[in-house]
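Each remark here refers to the structure printed beneath this line.
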Amino acid sequence: MTTKPLISGIHHITAIAGNPQQNIDFYTGVLGLRLVKKTINFDAPDVYHFYFGDELGRPGTVFTTFPFKGARRGTKGTGELTYTAFSIGKDSLTYWRDRLKKFGVAVSDDLTRFGDSLIRFEDHDGMGLELIASDRDDRKGWPQGHIPAEHSIKGFFGATLYLQAKEPTEKLLTELMNYHFVGQEANRFRYATAGKPGDIVDILVDPNARRGMQSAGTVHHIAFRTDNEATQLEVQHLLMQNGLGVTEVKDRNYFRSIYFREPGGVLFEVATDEPGFAIDEEEAHLGELLKLPDWAESSRERIEKALPKVEVNLSDYE
Numbered sequence: 451m452t453t454k455p456l457i458s459g460i461h462h463i464t465a466i467a468g469n470p471q472q473n474i475d476f477y478t479g480v481l482g483l484r485l486v487k488k489t490i491n492f493d494a495p496d497v498y499h500f501y502f503g504d505e506l507g508r509p510g511t512v513f514t515t516f517p518f519k520g521a522r523r524g525t526k527g528t529g530e531l532t533y534t535a536f537s538i539g540k541d542s543l544t545y546w547r548d549r550l551k552k553f554g555v556a557v558s559d560d561l562t563r564f565g566d567s568l569i570r571f572e573d574h575d576g577m578g579l580e581l582i583a584s585d586r587d588d589r590k591g592w593p594q595g596h597i598p599a600e601h602s603i604k605g606f607f608g609a610t611l612y613l614q615a616k617e618p619t620e621k622l623l624t625e626l627m628n629y630h631f632v633g634q635e636a637n638r639f640r641y642a643t644a645g646k647p648g649d650i651v652d653i654l655v656d657p658n659a660r661r662g663m664q665s666a667g668t669v670h671h672i673a674f675r676t677d678n679e680a681t682q683l684e685v686q687h688l689l690m691q692n693g694l695g696v697t698e699v700k701d702r703n704y705f706r707s708i709y710f711r712e713p714g715g716v717l718f719e720v721a722t723d724e725p726g727f728a729i730d731e732e733e734a735h736l737g738e739l740l741k742l743p744d745w746a747e748s749s750r751e752r753i754e755k756a757l758p759k760v761e762v763n764l765s766d767y768e
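Position 265 (the sequence shown) corresponds to 715 in the numbering used here; numbering is contiguous.
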């Protein structure tokens, strides 16, 4: 009997953004993701926290942002997750290249990595993004969105960690986090759990590169999936036993989280698949209202007054 791994892939990726409305416009309008939750940064309640994903915000599909209005741009460098890769259908690259150009987004030529074709681009804040065409992804994305179902973004393909050295991070991934080495292309090293879109982590190594600077257009952290609170405690104990400085369990309402800094400098999180985003909104109305944790409800009037007004308006992006 095979024991299920404690960690099964990527849960979500969280980035720092600038203007909140532009952030919503790009990820819902241009990319066609669903805003599944509009809440606040639990650690900085005067800032929004947006969650963009598939129809239900399933683990492995959710790109989240902390939009700080007026934030200056960060810079890509080592010690960061520099490119978030989304998964699309095998025959969807032409559609997406044309769509991105239609909305003024500069797009790379077709690239190839480990046998898969992809395009690379940045959002309005300079966030590094990729769309990877794959025939190995049976997820459906958000079929009710304004992007044709056959071209909709299915979820994450993977992420690139830009590091000065790979060995300490590789040891963490392969010995404590259920990842295994898949292959190498030049100075890019690939790791996976099951080896399918949604669990891929690449380490891009450059010992001479400058460290990145975190601000708008950079990733704050990457979260990995674990089933539930019990498995999360197992992961926490394992990491602590091996000398990692892990936080206490934090209640994020829609999942439970622990955080630690991996050896190369990237902030890692391990988040539970449970309970999900439908605990305080009906599935048909996810993301429509500002949802606050219980401890912030008494301050709702002040919080709502301080936050800029935002809306999802897809009519300009169909």
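All C-beta atoms, glycine included, are put in the ideal place defined by N, C-alpha and C.
For this session: Within its chain, find whatever has a CB closer than 8 Å to the CB of G662; leave out the 5 residues flanking it on each side and keep chain order.
Result: G524, T525, K526, G527, T528, G529, E530, T532, Y612, T668
For this session: Check the DSSP bridge columns for P517 and list the partner residues they point to.
Result: A467
For this session: For D766, I'd like the list of residues in its chain whose CB is within less than 7 Å of its CB, leaving aside the five on either flank, ordered along the chain.
Result: G479
For this session: At 4 residues or longer, and completely inside the segment 671–731: list those alpha helix (DSSP H) runs for me, N to C.
Result: 679–691
For this session: Compare the C-alpha of F518 against each of S665, A644, D504, F710 and name the closest.
Result: S665
Problem set entry | CB contact flag (V557, R547, <7 Å) | yes
Exercise. Which class does K551 belong to by DSSP, given the choice of helix, strand or coil?
Worked result: helix
For this session: Answer yes if the segment 533–540 comes into contact with the segment 601–609, meaning at least three C-beta pairs across the two stretches below 8 Å, and no otherwise.
Result: yes
For this session: Could you please give me the residues that DSSP links to T534 through a beta bridge?
Result: L579, A609
Problem set entry | Nearest-angstrom beta carbon gap, I466 and F513 [assumed within contact, 8 Å] | The pair is not a contact, with the Cβ atoms about 12 Å apart (cut-off 8 Å).
Exercise. Taking just the CA atoms, how far does I708 sit from E698?
Worked result: 6 Å
For this session: Pick out whichever of G578, E600, D566 has its Cα sitting closest to the Cα of T584.
Result: As written in the sequence, residue 584 is Ser, which differs from the Thr given in the question. Of the listed residues, the one whose Cα sits closest to S584 is D566.
Problem set entry | Contact set for A728: own chain, Cβ-Cβ below 8 Å, skip 5 residues either direction | L506, L736
Exercise. How should F705 be labelled, buried or exposed, when 16 other C-beta atoms within 10 angstroms of its C-beta is the threshold for buried?
Worked result: buried
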